[in-house]
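If you want the working numbering, it's the 1-based position in the sequence shown plus 1183.
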Amino acid sequence: MSDTPRGSTGPHDLKVTISVDAMGGDEGPASVVEGCARSAARNPLIAFILHGDETVLTPLVARHDALAGITQIQHSPDVVSMDDKPAQVMRHGRTTSMWATLSSVHDGAAQAAVSCGNTGALMAVSMLRLRKLSGVHRPAIACLWPSRGASGFNTMLDVGADVRADEESLLQYALMGSAYYRNAFDSPRPRVGLLNVGTEEHKGRGEIKEAARLIADAAELGRYDFVGFVEGNDLPSAHVDVIVTDGFTGNIALKTAEGTARLISDSLREELTASIWSKASALLASAPLGRLKRRMDPRRMNGGVFLGLNGTVVKSHGAADATGVSAAIKLAFRLAQSGFQDRMAERLARVSDGLHAQEIDTPEGSPDTPETESAAQDGAQAPKSQGKEVDPRT
């Protein structure tokens, strides 16, 4: 089973350059460079621009034959630390490796960016350098979630871009998340669920109930099926493909799942090595246990995608090792090669145009279009498609 989204629909012979913040993350540049090398060894269509201290990166790159001839090193003297405030980085971060990484995408030198660095700073600089898609209120971070569905994954957003989300933002998350899932997994009508404290319609805060109504109303235009409210135990289920929530709740759910996966893995290892009999049992079951470990390994699902920007940005876990970095790079490559960003922007435009048309067609004061719905629809507008033919897969 693939560890990252399958179903790339772009030309498979398209060379993709990934801009990498080599100095971000807890494991240091050696792990980042090794992750790049692993990706290059498996993928002849990938190239890299590495940003960071040239004196550190040059010998690291030289150790890996797979990076020869496909890697540029661009010197950046400064690094964004995990303690730096986003506002501080926006004002004084122009000489950092993170800023340079996003500038390469902005300038067209690379088709996607990957960083293990400070999430808040990365989002702030991404919004500054790449800008939001027109009409998008707040970008969101979408992550992959192992599931029992046909694709093997669900996606959840937001998992940390913004701790708050009103009903308008949650509607946009549903539109962006379904577009992401549709293109990543060739799923014509993703099933969207809104995370809540219960599945009953009367449960939840007011903005959650209003968001549910807006998401349901936009389902046909957005080409998804809204399954209603979902709970935490639905996250890995086959009942839903896209889980929509605010960044506060999503980040806690993500970190809880990562910790639980590590607990299960560590406990299983302890039990299977506790005695000679358990070791013998582990040997007999080594193949299925290996598959289970691989499936549940959070490193192989590493990489949160920033949705709602004019460019592809993948946020790797700050503690990612070479395996995790390679997974994030693979995800960035797939998305860049598929042309996902253009198709998502076109889908948002079509949905926005449809919602706007509904506002015009419904007489003012009609009970079918209360002021709250009109306000949310206005907030969800994105640029018109300028008459371009839209890919039917979006």
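Ideal Cβ positions, reconstructed from N, Cα and C, are used throughout, including at glycine.
Taking C-beta atoms as the reference points, Ile-1324 and Gly-1507 fail to come closer than 7 Å.
Annotation: Thr-1200 to Gln-1520 spans about 10 Å, alpha carbon to alpha carbon.
Under the criterion of beta carbons closer than 8 Å, Gly-1211 and Val-1342 do not qualify as touching, at roughly 24 Å. Taking a cut-off of 8 Å for Cβ pairs, the region 1243-1254 and the region 1217-1224 touch, as three or more such pairs fall below it.
With at least 16 other beta carbons inside 10 angstroms of its own, Glu-1529 counts as buried.
For the pair Ala-1296 and Ala-1230, the Cα-to-Cα distance works out to about 12 Å. For Pro-1419, no alpha helix (DSSP H) encloses it, and the DSSP letter there is neither H nor E. Taking Leu-1313 as reference, the option from Lys-1513, His-1247 and Leu-1492 with the minimal CA-CA separation is Leu-1492. The bridge partners DSSP lists for Asp-1408 are Arg-1374. Thr-1284 is positioned such that its CB atom lies no closer than 7 Å to that of Asp-1408. Distance between Thr-1302 and Ala-1436, taken at the CA atoms: about 17 Å. The alpha helix (DSSP H) runs lying completely inside the region 1220-1291 and spanning 4 residues or more are 1237-1245, 1269-1275 and 1280-1289, given in chain order. DSSP lists Ala-1295 as the bridge partner or partners of Thr-1495. A residue is called buried once 16 or more other Cβ atoms fall within 10 Å of its Cβ, and Pro-1322 is buried on that count. Unbroken alpha helix (DSSP H) stretches of 4 residues or longer found wholly inside the region 1298-1376: 1302-1312 and 1350-1368, given in chain order.
Straight across, the Cα-Cα distance linking Ile-1232 with Glu-1383 is about 50 Å. Per the C-alpha coordinates, the member of Arg-1406, Glu-1403, Gly-1376 and Gly-1405 positioned closest to Lys-1392 is Gly-1376.
Taking C-alpha positions only, Gly-1501 is separated from Gly-1207 by approximately 7 Å.
Gly-1487 is bridged by DSSP to Lys-1498. By a beta-carbon distance limit of 8 Å, Ala-1307 contacts Pro-1269. Their separation comes to about 4 Å.
Straight-line measurement puts the Cα of Arg-1347 at about 20 Å from the Cα of Ser-1317. Note that the region 1449-1457 does not touch the region 1407-1426; fewer than 3 beta-carbon pairs, one per stretch, sit closer than 8 Å. For Asp-1504, there is no enclosing alpha helix (DSSP H), as DSSP gives it neither H nor E. For the pair Arg-1374 and Val-1423, the CB atoms are nearer than the 7 Å cut-off.
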